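K.L.:
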Amino acid sequence: MFSSNDDSLLLQVLKLLKSYNSEYISGQDICDKLKISRTAVWKHIKKIRSLGYKIESKQNLGYRITKSTTLPLPWEITSSLKTKQIGKTVYYFDTIDSTQNFASKISKQNNSGTVIIAQRQTSGKGRLGRKWASPAGGIWLSVILQPKFDVSYATLFPIASSLALGTAIEKILNLKPELKWPNDITINGKKVAGMLVDISIESNQIEHLILGVGINYRVDTKKLNVDLKKSEHFYGADSLLKKNQTPNPTKMIQSFLYELEQICDILDNGNVKSIIKKWTAKSSTIGKKITIDTSESKITGKAVRIDNEGALVISKNGSYHRILVGDVNYLRVR
Ligand code: BTN
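Residue numbers (the working numbering): 7 to 340.
1) Hey, how far is the Cα of Ser158 from the Cα of Val319?
2) For a test of your reading of the model: does the CB of Gly218 fall under 7 Å from any non-hydrogen atom of the ligand BTN? Yes or no.
3) Looking only at its own chain, which residues have a Cβ that is under 6 Å from the Cβ of Asp13, when we skip the five neighbours before and after it?
4) Contact between the region 147-166 and the region 240-248 is defined here as three or more beta-carbon pairs at a separation below 8 Å; is this criterion met?
5) May I ask whether a heavy atom of the ligand BTN can be found less than 7 Å away from the beta carbon of Lys131?
6) Under 8 Å between the Cβ atoms of Ile71 and Ile61?
7) What number of angstroms, rounded off, separates the C-alpha of Gln91 from the C-alpha of Gln125?
8) Going by alpha carbons, who is nearest to Gly119 out of Gln268, Gly68, Thr75?
9) Kindly indicate which three-state DSSP category Glu62 falls into: helix, strand or coil?
10) Measure the alpha-carbon distance for Leu15 versus Ile175 and round it to whole angstroms.
11) Helix, strand or coil: which one does DSSP assign to Glu267?
12) Of all the alpha helix (DSSP H) runs that stay within the bounds of the region 32-110, which reach a length of 4 or more residues?
13) Could you compute how far the alpha carbon of Val19 sits from the alpha carbon of Asp226?
14) Can you give me the start and stop residues for the alpha helix (DSSP H) that Trp138 sits inside?
15) Reducing DSSP to helix, strand and coil, say where Trp146 ends up.
16) Taking only the alpha-carbon atoms, compute the straight-line gap between Gly93 and Ser9 and give it to the nearest angstrom.
17) Mind checking whether the beta-carbon of Arg311 lies closer than 7 Å to any heavy atom of the ligand BTN?
18) Could you compute how far the alpha carbon of Glu315 sits from the alpha carbon of Ser110?
19) Going by other Cβ atoms of all chains shown within 10 Å of its Cβ, with 16 needed for buried, is Tyr326 buried or exposed?
20) Quick one, are the C-beta atoms of Pro78 and Ile123 less than 8 Å apart?
21) Would you list, in sequence order, the uninterrupted beta strand (DSSP E) runs of no fewer than 3 residues that lie entirely inside the region 269-336?
22) Taking only the alpha-carbon atoms, compute the straight-line gap between Ile329 and Gly293 and give it to the nearest angstrom.
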């Protein structure tokens, strides 16, 4: 595990190499500056290489970085992050059971804005108790928040967060993602990202919430569909980037965290209408004929709008139904 608060020797060596801006620094200079042995320098260089940084070494000249990593490592995320609070502390795991679990373990401390990222999850969680396939190449992260906004916005929050991610995907990857109620992100009708929120409420106030975000960033789609195919609500999953595209998950995450902070600010100011308007503009759900599966029943009707709490309003035979939790299936219009 790495954290942005780390100040290990490994990071000190990396910082030193970076400060030379692709110029060589001799092994002896690294030893002198950090007061470590040649063997220790060699050990750290090897480890830094294993994190995906390209380091050239030349006799008589020393070492120089020629290429940065493509892994979203904490110090890469925090450098040039444009947020006020979200993402100032970042934890990164190569493999974890679920970032939601880790977030929930540490969420008691006063750590709003902390982000937990994993390269792979062994027990990724989806909405409504489902499994979430989390192979390498995806962006699997959780954000701990202690928001100021009113508890009545708790159900709108995941929807608002999907708007933040949709906006980030559009800006960074130049794609046209659509938002599917409640908080799926799709491209060409296939799911490319989803989110869930674990919330803790105390005396009618949000104590903290943990936003879990799963982005099929650059993944092997065969690995994604294994569990999903078993679900009757599966409508196909896809990867945002194809194999031949160079990943830059750090940029994607930085942009999402920035957009998320904007959304939180809007909710803090109570300007729900603007969120609903923006979500609706990107939504593929509103105006469609749908079937919605709640745990109690299935309703078929037309999706009309979402309300201030993020509930989907459906019209059926002249009456309106308000649904807070469920899965939407689009009906084919012949
Ligand atoms: C959904 O069902 O659409 C929500 C999926 C959320 C998955 C993310 S991946 C990071 C975080 N950790 C988890 O175990 N789940 C969420």
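Glycine is no exception: its CB is placed at the ideal position from the N, C-alpha and C atoms. These numbers were taken from a predicted model, which means no experiment stands behind them.
P.N.:
The short version:
1) Within the sequence shown, residue 158 is the residue found at index 152, counting from 1. Within the sequence shown, residue 319 is the residue found at index 313, counting from 1. Roughly 17 Å between the two C-alpha positions.
2) The residue you call residue 218 lines up with position 212 of the sequence shown. A heavy atom of the ligand BTN is found nearer than 7 Å to the CB of Gly218.
3) What you label residue 13 is simply residue 7 of the sequence shown in a count that begins at 1. So no residue of the chain qualifies.
4) no
5) Translated into positions along the sequence shown, residue 131 becomes position 125. The answer is yes for Lys131.
6) For the purposes of this step, residue 71 is taken as the residue at position 65 of the sequence shown. For the purposes of this step, residue 61 is taken as the residue at position 55 of the sequence shown. Result yes, Cβ atoms of Ile71 and Ile61 sit closer than 8 Å.
7) Here the question's residue 91 lines up with position 85 in the sequence shown. Here the question's residue 125 lines up with position 119 in the sequence shown. One Cα belongs to Gln91, the other to Gln125, and the distance between them is close to 23 Å.
8) Taking the first residue of the sequence shown as position 1, residue 119 is located at position 113. That would be Gln268, whose Cα lies nearest to the Cα of Gly119.
9) Stepping through the sequence shown from its first residue, residue 62 is reached at position 56. Strand at Glu62.
10) Sequence index remark: in the sequence shown, residue 15 carries index 9 (1-based). Sequence index remark: in the sequence shown, residue 175 carries index 169 (1-based). Computed Cα separation, rounded: 35 Å.
11) Start at 1 with the first residue of the sequence shown, and residue 267 comes out as number 261. Helix, per DSSP.
12) The region 32-110 contains, as complete alpha helix (DSSP H) runs of 4+ residues, the segments 33-40, 44-56, 80-84 (chain order).
13) Counting from 1 along the sequence shown, the entry for residue 19 is found at position 13. Counting from 1 along the sequence shown, the entry for residue 226 is found at position 220. For Val19 and Asp226, the gap between their C-alpha atoms comes out near 34 Å.
14) Taking the first residue of the sequence shown as 1, we reach residue 138 at position 132. Segment: none, Trp138 is in no alpha helix (DSSP H) and carries neither H nor E.
15) Reading the sequence shown from its first residue, position 140 is the one you call residue 146. Note: Trp146 maps to strand in three-state DSSP.
16) The count along the sequence shown starts at 1 and reaches residue 93 at position 87. The count along the sequence shown starts at 1 and reaches residue 9 at position 3. Cα to Cα, Gly93 sits roughly 11 Å from Ser9.
17) Within the sequence shown, residue 311 is the residue found at index 305, counting from 1. No, the ligand BTN has no heavy atom inside 7 Å of this Cβ.
18) Taking the first residue of the sequence shown as 1, we reach residue 315 at position 309. Taking the first residue of the sequence shown as 1, we reach residue 110 at position 104. Looking at the two C-alpha atoms, the distance is approximately 24 Å.
19) In the sequence shown, counting from the first residue as 1, residue 326 sits at position 320. So Tyr326 ends up on the exposed side.
20) Your numbering for residue 78 matches position 72 in the sequence shown. Your numbering for residue 123 matches position 117 in the sequence shown. A contact, by the Cβ cut-off of 8 Å.
21) Listed in chain order, the complete beta strand (DSSP E) runs (minimum 3 residues) inside the region 269-336 are 295-299, 304-312, 318-322, 325-329, 333-336.
22) Taking the sequence shown and counting its residues from 1, one reaches residue 329 at position 323. Taking the sequence shown and counting its residues from 1, one reaches residue 293 at position 287. Distance between the alpha carbons of Ile329 and Gly293 is about 15 Å.
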